[in-house]
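Contents: one structure, followed by commentary.
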Amino acid sequence: MSEKSSQEQPPSSVEEKKLSNKELKELKKKEKAAKRAAAKAGSSTNESGDTPQSGSQKGKKPVGGATKTVSQVKKQMNNAKTHDPSDKVPPMFGHLQSKEEKILSTPDIASIVHPSILSLTLKMSTYKVVGSSSRCIAMMEAFKEVIKSYKTPEGTSLQRHLTGHLSHQIEFLKTGRPLSISMGNAIRWLKQKISVIPITTVEEDCKRILIDEIDMFITEKIVVADRVIVEYAESHITNDSKILTYGHSKVLGELFEYAAIEQGKKFEIYIIDSKPLFEGKKLAKRLSKLENVKLHYNLINSLSSVLETKIDYCFLGAHSMLSNGRLYSRVGTALVAMASKNKSIPVLVCCESLKFSDKVQLDSVTTNELGDGDDLINTKPFSKEGNALKTYLKSNKDPAVKMIMI
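In full-length UniProt numbering, the protein residues as written are 1 to 406.
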């Protein structure tokens, strides 16, 4: 018997060696979870089962209790499951930072981050400020407030310390949402402007120079650039044209207003929109005030039926234009562009040079951001008070009308 038992031991050790590192980690997690559960169960039984017993019973019961505890531990080890928040994220998006990880990486906001940056981060995280150009302008305006309230510490200069101070603001800004391409280009431009200021310049003069440079940057790179794009793209819109667009774009809103108000052209616009932000509603509300424009608002699931009408042009906004000629924009843009191409509809993209990037990207998974899945579903309970039919029947006193409506 001893020889058999000694021969049976090596296979178990070989099986243990065959376990991978991942399996060993999972086994250790299960053992820890089982030990904690057993400790809680043991403490509860000790508190409830302290009754006086005879000497023989005292000697026998611990053995039975011990075997019972061992069996419970084995059962709990088999059934124990470790809950990891990252398990909810598919492996394809495992490299993207979740909301919990952003919160943990937040720096000490009490002494480092400026109130204007705090406010902007909150607005960006709640999607009050959306759009690449709008976010870039809001960030530069916040940097102006940071520079105004900045004071150079003793023993250093503004040119050396302000860059690091801005880096803290930028790191906190990233916790709200990832920086857009235009924001990254603007940050590099600002740091370069800080570095070229002569060290002999007085602090107040440095602040004034930087604030004036920021104002000029916004005017040249965004305001004037949008105006040039509008004047060039307006030639593609004629009377009775049918234009297709997707979501909301700042420059496209200015283009349609310029064509309708200043050029007096009459045309139709088909706005395609999608969840979860419904940005197209903002563009529809903006263009609804124009008398020369006939609006059509549709969700993206009705795109195929919209394309059955004779669309002349498809105008799209851009988040960025990559160095390999790829368009980087909000989700759904590729679907609209490819569907238009399938119908031989010309697709025009309006993009400022500030959004040009030297990066190369072949997919939409490598650099993206994780949103809240609950935004895709309607969690609000149905309200009967907002029922239009019920309100109409209550207001109408004619019983014949009620019978017909019912």
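Built from N, CA and C at the ideal position, the CB exists for glycine as well.
Counting C-beta pairs closer than 8 Å gives three or more between the segment 130-141 and the segment 214-222, which meets the contact rule. As DSSP reads the structure, Gly-317 sits in a beta bridge with Cys-350. Only residues of its own chain outside the window of five on either side were considered, and among them Leu-354 have a CB closer than 6 Å to the CB of Lys-221, listed in chain order.
Assigned with DSSP and collapsed to three states, Leu-287 falls in helix. Residues Ile-271, Leu-295 and Tyr-297 of the same chain have their beta carbon placed closer than 7 Å to that of Ala-284, with the five preceding and five following residues left out of the count. If one requires a minimum length of 4 residues, the alpha helix (DSSP H) runs lying completely within the segment 133-197 are 158-176 and 181-195, in chain order. Within a 10 Å sphere around the beta-carbon of Val-360 sit fewer than 16 other beta-carbons, which makes this residue exposed.
Closest by C-alpha distance to Ala-225, out of Lys-35, Ser-133 and Ala-337, is Ser-133. Residue state for Leu-210 is assigned as helix, using DSSP reduced to three classes. For Ile-269, the three-state secondary structure derived from DSSP is strand. Taking a cut-off of 8 Å for Cβ pairs, the segment 242-250 and the segment 163-181 do not touch, as fewer than three such pairs fall below it.
With 16 or more other CB atoms across the displayed protein chains lying within 10 angstroms of its CB, Asn-185 is buried. Look at His-114 here: in three-state DSSP terms it is coil, with no helix or strand label. Note on geometry: alpha-carbon atoms of Thr-333 and Leu-348 lie some 12 Å from one another.
Check the Cα spacing between Phe-315 and each of Phe-356, Leu-255 and Leu-303: the tightest is with Leu-255. For Ser-241, the enclosing beta strand (DSSP E) begins and ends at 241-246. DSSP places Asn-298 in the uninterrupted beta strand (DSSP E) bounded by 293-299. Tyr-328 is bridged by DSSP to Ser-320.
Residues Pro-276 of the same chain have their beta carbon placed closer than 8 Å to that of Gly-371, with the five preceding and five following residues left out of the count.
Burial state of Glu-279 is buried, judged by a 10 Å Cβ sphere holding 16 or more other Cβ atoms.
When the beta-carbon positions are compared, Ile-345 and Tyr-313 come within less than 8 Å of each other. The continuous alpha helix (DSSP H) containing Ser-305 extends over residues 303-306. Per DSSP, Ile-377 is not a residue of any alpha helix (DSSP H), being assigned neither H nor E. Per DSSP, the unbroken alpha helix (DSSP H) holding Lys-250 starts and ends at 250-257. Val-365 and Ile-187 have their C-alpha atoms some 24 Å from each other. When C-beta atoms of the segment 300-309 are compared with those of the segment 324-331, fewer than three pairs fall below 8 Å, so the two segments do not count as touching.
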